[in-house]
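The structure under discussion appears below in the form of structure tokens.
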Amino acid sequence: WVRAFIRFHGVRHPATLGSSEVEAFLSWLANERKVSVSTHRQALAALLFFYGKVLCTDLPWLQEIGRPRPSRRLPVVLTPDEVVRILGFLEGEHRLFAQLLYGTGMRISEGLQLRVKDLDFDHGTIIVREGKGSKDRALMLPESLAPSLREQLSRARAWWLKDQAEGRSGVALPDALERKYPRAGHSWPWFWVFAQHTHSTDPRSGVVRRHHMYDQTFQRAFKRAVEQAGITKPATPHTLRHSFATALLRSGYDIRTVQDLLGHSDVSTTMIYTHVLKVGGAGVRSPLDALPPLTSER
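Counted from 1, the sequence shown has number 53 at position 51 by the working numbering; the numbering is strictly sequential.
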């Protein structure tokens, strides 16, 4: 960013540049380059560091330069009927995986990385290991999905037994665990719930092993299902997570419970779903609907 700033001002030494030049550069990034708010803040932080730590120059005006506020966009939310329609155009593992995302609110990456040991049928619990922010959390295991998940584990075990018989490498483990327990990847508890049907080369180690289901494969199947269901909303697999949160709030669950289930570190992130509830049938009634009917058209 510092190089871009210097080039923007004709390769002049930054010590000769002041607040107007910094503001001009940041305005150019926002208005001409159309960078995101986070990128804009990154550029400003780089200039703050450069002037303060490299040039050792105290420039109070640099701290006072305005920072853009991130735009708040309401999440796309599907109605229960729309979810059913989408599920109707998904098959097999893809349908089960979509049901799991909607039924638990987990992120797609968290669902793909589920291991056999993470499903606790006796307690009706799914453990998400090292979710966003490297935090574990417990989610409900939907009762209606228990039979299908047991069948999925039966299919996964068939893949695991095949790999064992062929002497294949075990599944990938988190780095620390793989170093400490190199054979754990061969054990059944660590096998993927949603295993890929073929083997692929691990980009980190170069080992040929069975990976979990590819996210791109599911993304494509979900996109086709949305189109076939005739849904015009820009729905993605992550929309199922939004729909889960909104459904819980609409059912009367408190915001803190939803926050814990979603794994949000800050409740303000979860609060965005309350804004979704304030519009439409569950929110404010339009004053137009309170007007008496018109007697004639003009």
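Here a beta-carbon is modelled for each residue, glycine too, at the ideal position from N, C-alpha and C. Fair warning: this is a prediction, and the values are worked out from it, not measured in the lab.
Straight across, the Cα-Cα distance linking Arg75 with Leu293 is about 31 Å. Counting other Cβ atoms within 10 Å of its Cβ, Asp120 reaches 16 or more and is therefore classed as buried. Judged by pairs of C-beta atoms under 8 Å, the region 170-181 does not touch the region 140-151, as fewer than three such pairs exist. Beta-bridge analysis with DSSP links Trp194 to Arg117.
Using a Cβ-Cβ distance cut-off of 8 Å, the region 89-107 and the region 219-237 are in contact, since at least three pairs of beta carbons, one from each stretch, lie closer than that value. Assigned with DSSP and collapsed to three states, Val210 falls in strand. Using a Cβ-Cβ distance cut-off of 8 Å, the region 206-223 and the region 103-114 are in contact, since at least three pairs of beta carbons, one from each stretch, lie closer than that value.
In this structure, the CA atom of Thr203 is about 6 Å from the CA atom of Arg211. Secondary-structure assignment with DSSP links Arg139 through a beta bridge to Val130. Between Pro16 and Leu57 the beta-carbon gap is near 7 Å, inside 8 Å, which marks them as a contact.
Note on Val130: 16 or more other CB atoms within 10 angstroms of its CB, so buried under the neighbour-count rule.
For Tyr275, the enclosing alpha helix (DSSP H) covers residues Ile274 to Leu279. Nearest neighbour of Leu251 by Cα position, chosen from Thr297, Lys164, Lys280 and Lys235, turns out to be Lys280. The criterion of a C-beta distance shorter than 7 Å is satisfied by His214 and Phe196.
In the structure shown, the three-state DSSP call for Ser202 is strand. According to DSSP, Asp122 shares a beta bridge with Thr127. Following the DSSP letters along the chain, one finds Thr259 inside the alpha helix (DSSP H) bounded by residues Ile257 to Leu264. Pro289 sits in a helix when the DSSP states are folded into three classes. Cβ-Cβ distances below 7 Å link Val78 to Lys235, Pro236, Ala237, Thr241 and His244 in the same chain, with the five nearest sequence neighbours on each side left out; the list follows chain order.
Counting along the chain, His240 sits inside the alpha helix (DSSP H) bounded by residues Pro239 to Arg252.
DSSP, read as helix, strand or coil, puts Gly169 in coil. For His42, the enclosing alpha helix (DSSP H) stretches over residues Val39 to Phe51. In the structure shown, Glu34 adopts coil according to DSSP, grouped into three states. Going by DSSP, Ile88 is part of the alpha helix (DSSP H) stretching over Pro82 to Gly90.
Gln115 is classed as buried because its beta carbon has at least 16 other beta carbons within 10 Å across all chains shown. Comparing alpha carbon positions, the residue from Glu180, Glu23, Gln166 and His42 closest to Ser207 is Glu180. When rounded, the separation of the alpha-carbon atoms in Ser38 and His266 is 22 Å. Out of Trp190, Ser171 and Leu98, the CA that lies nearest to the CA of Val118 is found in Trp190.
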